[in-house]
Amino acid sequence: MSVAAGVGGTAVGAEADLSKTAGGLTVYIGAVPAEIVKGLGTHSAEPPMHGRIPKGPHEYHLVAAIFDAATGERVSDAAVTAEVSGLGLSGSKQRLEPMQIAGTTTYGGFVNLPGFDLYTVKVSVQRGGATPVVLQFKYDHRR
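Adding 14 to a residue's 1-based position in the sequence shown gives its number in the working numbering.
Written as structure tokens, this is what we have:
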């Protein structure tokens, strides 16, 4: 799983827009082919990651590392969702689940990227009763 945790350097496609700061938060996103994490639930006593083993050639594991922009401390108490959509299309929204990687919290979930496209990824981060912070990324999956 550590390969998916290296959010900045392991993303597939052009890495043009993988970090943003807004609303007091800095968020880094990345995606790796689900093939990389598929086997984690099949050979251990742990349940499959995010409750399922993804099927299909276009499944990717989307991760988001979230930090307090002022202090640099990792955020581990948020409700995080992501909406991924292709160019000119509406996307589906899903919850990104907290994951413990090397003693830190990162949020992740499986998404389907069915074609070579420039995707919009909207990440919503809500802490407590505060208004959610929404950050919009461009993810280039055309290569």
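We put the beta carbon where it would ideally sit given N, CA and C, even for glycine.
Since Phe130 is in the beta strand (DSSP E), which residue starts that stretch and which ends it? Note, Phe130: premise wrong, no beta strand (DSSP E); not H, not E.
Nearest residue (CA-CA) to Gly38, options Ser106, Lys136, Ala83, Ser99: Ala83
Cα separation between Ala79 and Pro146? 16 Å
Residues in its own chain within less than 7 Å of Lys152 by CB, not counting five upstream and five downstream? Ala30, Asp31, Leu132, Thr134
Is DSSP giving Glu111 helix, strand or coil here? strand
Using 10 angstroms around the beta-carbon of Glu111, count the other beta-carbons present and answer buried if the total reaches 16, otherwise exposed. exposed
Between the Cα of Thr40 and the Cα atoms of Thr120, Arg109, Asn126, which residue gives the shortest distance? Thr120
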